[in-house]
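Novice:
Here it is, written out as structure tokens:
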């Protein structure tokens, strides 16, 4: 552990380095950001395979880039920022057009989390007060990062003192070529998902759970990201590429395969398993060079991809989706693992 810097109000921000074999992971208390993951290619060459910044100051000044952050209270979008619980309607600030994104303009990514070292990792805790960003209930969220072998494991939990909603995730952007080495269009992606949730023009789910078969969103067998990304299929046009929630096959709550990504040139491979019902595959369509990453390299369009394990977007407004409601006395648990290898 080291102090990486201080926020504007003088709060010190800890950064933790986890090492296991050839894998090195750095995570920090500000926003619970996954700052870096160094992993070897098939020839043993080490590269940082997640997007990030060189210093804390950049994370502090870049508004809501979400790169590597823990996301809450509600990951992804809520239509019009509105939802109802027990007959009462709540309004979250709209920070994505008319919708609320990633918990509103001041989400969990903008706070310094309390950190405690654990065997092989670190656990971050954040207490969100009743009414924070319009959400009801005092929510206590915990996320534990553990590195064992070549697997980075994230264990999420949350409790509340009043009925609320919660959907926690991590917003890491990956590039298995290396975070400063071009786009991700040559990566091969396989998703264990027979269905996805179509969206409207605001990227809010319509409520349908549709088969991927016969669409450019069919990744049941591996496909190169760039092969179909400009397809004129309506869903691809609406999202400007891939930015969709996939319903992971199998029983939610059980740890099961969600995604495998391979970068053919380097041979690096990423395997994602999760207990969550969904995963958002996002191809970095809105990266536009605004954010300057490591070594002064701007993060241009499609230079990183996200695999955000989650409950479905806008779930509070779709009773047919797996519920995101959390009640007093209950504990929300979920686990996601990222395993790094080569082939």
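Numbering (my numbering), first residue to last: 40 to 382.
The beta-carbon is built from N, C-alpha and C at its ideal position, and this holds for glycine as well.
(1) Is the distance from the Cβ of residue 107 to the Cβ of residue 73 below 8 Å?
(2) How many angstroms separate the CA atom of residue 137 from the CA atom of residue 245?
(3) Within 8 Å of any Cβ in chain D, is that where the Cβ of residue 250 sits?
(4) For residue 297, which three-state DSSP category applies?
(5) Out of curiosity, what's the CA-to-CA distance linking residue 76 and residue 207?
(6) Taking just the CA atoms, how far does residue 116 sit from residue 102?
(7) Please look up how many angstroms separate the CB atoms of residue 197 and residue 371, rounded, as I've assumed it's under 8 Å.
(8) Measure the alpha-carbon distance for residue 84 versus residue 252 and round it to whole angstroms.
(9) Are there 16 or more other CB atoms within 10 angstroms of the CB of residue 104, so buried, or fewer, so exposed?
(10) Could you give the distance in angstroms between the alpha-carbon of residue 367 and the alpha-carbon of residue 378?
(11) Is the segment 77–97 in contact with the segment 119–132, if contact means three or more CB pairs nearer than 8 Å?
(12) Here's the rule: buried if 16 or more other CB atoms are within 10 angstroms of the residue's CB, otherwise exposed. What is residue 96?
(13) By Cβ distance below 8 Å, which residues in the same chain neighbour residue 202 in space, the five residues on each side in sequence not counted?
(14) By DSSP, does residue 182 sit in helix, in strand, or in coil?
(15) Check whether the segment 253–264 and the segment 347–365 touch, using three or more Cβ-Cβ pairs below 8 Å as the test.
(16) Classify residue 356 as helix, strand or coil using the three-state DSSP reduction.
(17) For the beta strand (DSSP E) containing residue 371, list its first residue and its last residue.
(18) Using only CA atoms, which one of 308, 336 and 188 lies nearest to residue 159?
(19) Could you compute how far the alpha carbon of residue 323 sits from the alpha carbon of residue 166?
Specialist: Reading it off the structure:
(1) Taking the first residue of the chain shown as 1, we reach residue 107 at position 68. Taking the first residue of the chain shown as 1, we reach residue 73 at position 34. The answer is yes: Cβ separation under 8 Å.
(2) Here residue 137 corresponds to residue number 98 of the chain shown, with the count starting at 1. Here residue 245 corresponds to residue number 206 of the chain shown, with the count starting at 1. Looking at the two C-alpha atoms, the distance is approximately 16 Å.
(3) Judged by its chain identifiers, the structure shown contains no chain D, having just a single protein chain.
(4) Your numbering for residue 297 matches position 258 in the chain shown. Strand at residue 297.
(5) By 1-based counting over the chain shown, the position of residue 76 is 37. By 1-based counting over the chain shown, the position of residue 207 is 168. Rounded to whole angstroms, residue 76 to residue 207 spans 21 Å at the Cα level.
(6) Indexing the chain shown from 1 puts residue 102 at position 63. Indexing the chain shown from 1 puts residue 116 at position 77. Each residue's alpha carbon lies about 18 Å from the other.
(7) Taking the first residue of the chain shown as position 1, residue 197 is located at position 158. Taking the first residue of the chain shown as position 1, residue 371 is located at position 332. Sure, about 4 Å apart at Cβ, within 8 Å.
(8) Locating residue 84 in the chain shown gives position 45, counting from the first residue. Locating residue 252 in the chain shown gives position 213, counting from the first residue. Their backbone Cα atoms lie some 38 Å apart in a straight line.
(9) Stepping through the chain shown from its first residue, residue 104 is reached at position 65. Buried is the call here.
(10) By 1-based counting over the chain shown, the position of residue 367 is 328. By 1-based counting over the chain shown, the position of residue 378 is 339. Cα to Cα, residue 367 sits roughly 34 Å from residue 378.
(11) no
(12) For the purposes of this step, residue 96 is identified with residue 57 of the chain shown, where counting begins at 1. Exposed, since its Cβ has fewer than 16 Cβ neighbours within 10 Å.
(13) One-based indexing of the chain shown puts residue 202 at position 163. For residue 202, where only same-chain residues beyond five positions count, the Cβ hits under 8 Å are 124, 125, 175, 176, 364, 365, 366 and 367.
(14) Along the chain shown, one-based indexing puts residue 182 at 143. The answer is strand: DSSP assigns residue 182 an E or B state.
(15) no
(16) Working through the chain shown from its first residue, we reach residue 356 at position 317. Reduced to three states, the DSSP call for residue 356 is helix.
(17) Here the question's residue 371 lines up with position 332 in the chain shown. That run of the beta strand (DSSP E) goes 371–381.
(18) Taking the first residue of the chain shown as 1, we reach residue 159 at position 120. For residue 159, the nearest C-alpha among the options comes from 188.
(19) For this step, residue 323 is matched to residue 284 along the chain shown. For this step, residue 166 is matched to residue 127 along the chain shown. The straight-line gap from Cα to Cα measures roughly 30 Å.
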